Structures are given as C-alpha cells and as structure tokens.
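Below is one structure, written out as structure tokens, with a few remarks after it.
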Amino acid sequence: MPWTEALSFADQIQKPGATKQNLHLFRDALLAVEFIHSHGYLHRDIKPANIGIQENTKPRAVLLDLGGAVCPPTGLINPEAGRSMQTTTRALGSPSKKPFFMTVGNP
Numbered sequence: 001m002p003w004t005e006a007l008s009f010a011d012q013i014q015k016p017g018a019t020k021q022n023l024h025l026f027r028d029a030l031l032a033v034e035f036i037h038s039h040g041y042l043h044r045d046i047k048p049a050n051i052g053i054q055e056n057t058k059p060r061a062v063l064l065d066l067g068g069a070v071c072p073p074t075g076l077i078n079p080e081a082g083r084s085m086q087t088t089t090r091a092l093g094s095p096s097k098k099p100f101f102m103t104v105g106n107p
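When we follow the UniProt record's numbering, the leftmost residue of the sequence shown carries the number 1, and every step to the right adds one.
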C-alpha cells in the first residue's frame, strides 16, 4: 500500500462551516469500519485522529493506525463469516508499530 499524506478527521472537524463535508467523511469512515468488520477484524482504536482525509478530486476518509487491529474468535463480530472457532486472535499491522502491551502474550 503506498504512503500517502492525509489530514486527520480531528483537524477536519475543527473547520467552521464544514458540517456537510464532515458528514460525508464520517460516512466513509463508517464504510471502512464495516469493511474490516466484514473480514472479521476489529480496529480497536477508532478516534478522529485515526481517520485520515485523502485530498483527491473528492476528499474521502480512510482508517489509519491498524497496528492494534485483531481478528477475534468467530461469532463476536460477524457470525455469518463461516470461520471455524479459533483459540487465539490474529493481529493485523506491523509489529514495530504496535503498542508494547500487544507484543507480549495474546493481543
């Protein structure tokens, strides 16, 4: 995935008069959350600072900081996923970017 410069939603919501655009961007963020949930992952750190705004022809929101994302046992977020029961969670992200507490034991 290519590196991209992006503003954060935390910066965006401070702009006066941008309510309509903020609603569209927030919808983008919700669609991104729905996408990762449909693949069995939980982000675990969603906040305005972890929602980036890509400035293309039409600005869109993207989720940032997936270092803490995990795939919990089947049935916790998407019972229709059809995966067999797991005894541990799977982590997503770069080990060097994860918080210390996630590098020891199960995430």
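We put the beta carbon where it would ideally sit given N, CA and C, even for glycine. Quantities reported herein were computed from a predicted structural model and do not represent experimental measurements.
Close Cβ partners of residue i (< 6 Å) along its chain, the five nearest in sequence each way excluded
| i | result |
| --- | --- |
| Arg60 | Asp28, Gln54 |
Best match in the options for proximity to residue i [C-alpha to C-alpha]
| i | options | result |
| --- | --- | --- |
| Tyr41 | Ala69, Phe26, Gln21, Ala32 | Ala69 |
| Lys47 | Val62, Pro16, Thr57 | Val62 |
For residue j and residue i, believed in contact at Cβ under 8 Å, the rounded distance
| i | j | result |
| --- | --- | --- |
| Gln12 | Leu25 | 6 Å |
Nonlocal neighbours in the same chain, by C-beta distance under 7 Å from residue i, ignoring five residues either side
| i | result |
| --- | --- |
| Asp45 | Asp65, Gly68 |
| Asn22 | Gln12, Ile13 |
Per DSSP, cross-strand counterpart(s) of residue i
| i | result |
| --- | --- |
| Gly52 | Ser8, Val62 |
| Leu42 | Val70 |
Cutoff 8 Å; reference residue i; Cβ partners in own chain excluding five residues on either side
| i | result |
| --- | --- |
| Leu7 | Gly52, Ile53, Glu55 |
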